[in-house]
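Let me begin by presenting the structure, written as structure tokens, before commenting on it.
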Amino acid sequence: MPSLHLSRVLCFALALLPAAKATSIPSYSKHTQDAKNGAVASESSICSQIGIDIMKEGGNAADSIVAVQLCVGVVAMYHSGIGGGGFATVRSANGTYEFVDFREMAPAAAFETMYNPPLSNTAASLYGGLASGVPGELRGLEHIHTKYGVLPWKQLVLPSVKVARYGFNVTADLVRYMASSTTPYDFLTYDETWAIDFAPNGTRVKLGDLITRKRYADTLEVIAEHGPDAFYTGAIANATITALQKANGTMTLSDLKNYTIESRATANTTYRGFKIFSGSAPSSGAVVCSVMNIVEGYDMSTPSQLNYSTHYLDEGMRFGYGQRTLLGDPKFLANLTSYQDKMLLKATAAEVRSKIEENQTLNVSAYDPSNFEILSDSGTSASVTADKSGLTIALTSTINTVFGSRVMIPETGVVMNNEMNDFSIPGAVNAFGYPPSPANFIRPFKRPLSSISPTIVEFPNGTVYISHASAGGSRIITEVIQHLWNVLDKNMTSAESARQPRFHDQLSPNTAAFEYGDPTFGVEGYSNETTAFFREIGANVTFMALGTSTAQSLRRLGNGTFEAAGEPRQLNSAGYAI
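Mind the numbering: the sequence shown is residues -22 to -1, 1 to 556 in mature numbering (1 follows the signal peptide of the UniProt record, and there is no 0), read in order.
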């Protein structure tokens, strides 16, 4: 158990703050339709409404995204929160771009073979204290707020304090994730640290039950009053490091204190006159841009050519994932900038198109000459905001797999990430025979490769058109590409695109996976004609359930009207505009 001294220090810090007003559970208004002031979309209707309320209080898109993301960490703690990290693509009101990298970072004591026998094993990269990278979410939100926001920090944090303290109803999404992560051991019920929130009466909370996270509310209240420094130093930091080290971790107070975000240039390209801006390495926005460059050379909009346009998109994806095997943290990879720049050249896309066959797929080696593994990272949460000034943000955050490292800090309620599992492990040939990529080997202070690709699109005249962010680990890239295809080539709205069936092909495994339809979510399955065509040209066709990727999206139309769409595959998702 954590020391009583740490608990008392934290309690003392909390006691210095005014108590949250004891009101009833907050209620949230309905979706506002046609609007000119701004828009928000996230996986939670509660959080999207908080984002809209912040705008109504005079906040902008930056203030809104901070408030939304902190709320998502409360209600969707299974894959997001201040114990994790992420990335954001930001377009300022004057049209300049920044890619904010607040990805988790390997601790100082990390080393390349730390998960190899006899020292350890790959399971230690998933569960326990050794699985956590240094969390960056609060530093990322702090940077966005300081550089772009207008409201006081405290005003953005307190709505999430209220949700955590007074509770929210257990959603179908939460029920699904609890069920998927509690076999064979129901840690949510039988681990006392988790049970305080998830099984307060001895049995796990059920659909519709009220769930509170009072320790997390206390933690957020300290952060509201004293800023993100209160997380990275002091009582909260002490509690974090004590719990991680007790769980066999090596992270130190120095690791937390010295974490910094990286401000990077975006990866960008043009597509039929539209301007696409996405994330650069160690994210995978360059892959999104590369694939869009490839398919720009084909007819992607004629309905009668759907089978072929889907095939060309799939081939582009396979080449894109082949390119991705050499990406990683730019600080640790010489010549990565020039490699990324080459990925984005129209000439590179033309060279790829010259290799694509109209009526057949190729051998896997044709797409990935490096012959390295294709990284499969895990769950994430996406949010987007925009306002009438043109300030626009697409953000994706993560603690990696469901409930992260399964380490919750007892005093603070913070769920810690298991992002160390996103690094490649030397000698660990994956299930498909691919060796690990040295570009993604562990180093102290290094950030692992990520599929996250938050993307903003401008009209040819330079005004904002789309803000889009996706979640779903390695399926993020293919979801973003398909959304851009749906909107830019097929003229769909955000909501229409969200209801389209998705497919995924990351080259390894060598399969093209198509979503089943499900009327519960309003999503039709892929046509049998298309899947049959894929089989005819030699693809290995498989099918997948809905929800392996999710996304949030908004558009600002040419007349200035905003529309926003949540994810139909997440029953509690919502997009609102004002």
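Note that CB positions come from ideal geometry on N, CA and C, so glycine has one too.
{"Query": "In or out: PRO162 buried (at least 16 other Cβ within 10 Å) or exposed?", "Result": "exposed"}
{"Query": "Since SER58 and TYR554 should fall inside the 8 Å C-beta cutoff, what is the C-beta to C-beta distance between them, to a whole number of angstroms?", "Result": "The pair is not a contact, with the Cβ atoms about 19 Å apart (cut-off 8 Å)."}
{"Query": "Throw me the rounded Cβ distance for the SER241 and VAL78 pair, which I believe falls under 8 Å.", "Result": "6 Å"}
{"Query": "From ALA142 to PRO178, what does the alpha carbon distance come to, in whole angstroms?", "Result": "15 Å"}
{"Query": "By the DSSP assignment, the alpha helix (DSSP H) with ASP175 in it spans what residues?", "Result": "170 to 176"}
{"Query": "Please list the terminal residues of the continuous beta strand (DSSP E) segment that includes residue 559.", "Result": "With the chain covering -22 to 556 only, the question about residue 559 has no answer from this structure."}
{"Query": "What number of angstroms, rounded off, separates the C-alpha of THR74 from the C-alpha of THR124?", "Result": "16 Å"}
{"Query": "Output the distance between the C-alpha atoms of THR197 and ALA225, rounded to the nearest integer angstrom.", "Result": "21 Å"}
{"Query": "For GLU493 versus GLY503, is the C-beta spacing smaller than 8 Å?", "Result": "yes"}
{"Query": "So the alpha helix (DSSP H) SER343 belongs to, where does it begin and stop?", "Result": "342 to 345"}
{"Query": "Specify the secondary structure class of GLU493 as computed by DSSP and reduced to three states.", "Result": "strand"}
{"Query": "Three-state secondary structure (DSSP) at SER26?", "Result": "helix"}
{"Query": "Inspect the beta-carbon positions of LEU305 and PRO260 and report whether they are closer than 8 Å.", "Result": "yes"}
{"Query": "So, using beta-carbon positions, are ALA84 and ARG384 closer together than 8 Å?", "Result": "no"}
{"Query": "Tell me the DSSP secondary structure of ARG69 in three-state form.", "Result": "strand"}
{"Query": "Hey, could you find the ends of the beta strand (DSSP E) ARG154 is sitting in?", "Result": "That residue, ARG154, is in no beta strand (DSSP E); its alpha helix (DSSP H) goes 150 to 159."}
{"Query": "Tell me the DSSP secondary structure of ARG379 in three-state form.", "Result": "As written in the sequence, residue 379 is Thr, which differs from the Arg given in the question. If DSSP states are grouped into helix, strand and coil, THR379 belongs with coil."}
{"Query": "How many angstroms separate the CA atom of ALA449 from the CA atom of VAL265?", "Result": "16 Å"}
{"Query": "Quick one, which of GLY61, LYS14 and CYS49 has its alpha-carbon nearest VAL392's?", "Result": "GLY61"}
{"Query": "Just to confirm, is the Cβ distance from MET398 to SER103 under 8 Å?", "Result": "yes"}
{"Query": "Going by DSSP, what residue range makes up the beta strand (DSSP E) through GLU240?", "Result": "240 to 242"}
{"Query": "Within 10 angstroms of its Cβ, does PRO113 collect 16 or more other Cβ (buried), or is it exposed?", "Result": "buried"}
{"Query": "Which first and last residues belong to the beta strand (DSSP E) in which ARG534 is found?", "Result": "528 to 534"}
{"Query": "How should GLY544 be labelled, buried or exposed, when 16 other C-beta atoms within 10 angstroms of its C-beta is the threshold for buried?", "Result": "buried"}
{"Query": "Using three-state DSSP, classify VAL435 as helix, strand or coil.", "Result": "strand"}
{"Query": "Exposed or buried, which one is residue 560 when buried takes at least 16 other CB atoms within 10 Å?", "Result": "Nothing about residue 560 can be reported from this structure: the residues present for the chain run from -22 to 556 only."}
{"Query": "What do you reckon, are the CB atoms on ALA71 and LEU373 nearer than 8 Å?", "Result": "no"}
{"Query": "Which residue or residues does DSSP assign as beta-bridge partners of MET398?", "Result": "Bridge partners of MET398: none, in fact."}
{"Query": "Starting from the Cα of THR539, find the closest Cα among ASN550, TRP463 and THR441 and give me that residue.", "Result": "THR441"}
{"Query": "Which residue wins for smallest C-alpha separation from LEU532, given the options THR498, ALA490, THR471 and ASN550?", "Result": "THR471"}
{"Query": "Are TYR56 and VAL380 touching if we call contact CB-CB under 8 Å?", "Result": "yes"}
{"Query": "Just curious, the beta strand (DSSP E) that TYR249 is in, first and last residue?", "Result": "245 to 249"}
{"Query": "Taking just the CA atoms, how far does GLY29 sit from LEU129?", "Result": "13 Å"}
{"Query": "Out of ASN341, SER138, TYR249 and PHE89, which has the shortest C-alpha to C-alpha gap to GLU293?", "Result": "ASN341"}
{"Query": "Assuming ARG425 and ARG81 form a contact by the criterion Cβ under 8 Å, report the distance between their Cβ atoms to the nearest whole angstrom.", "Result": "4 Å"}
{"Query": "Pick out whichever of GLU274, ARG302, ILE371 and SER375 has its Cα sitting closest to the Cα of THR358.", "Result": "SER375"}
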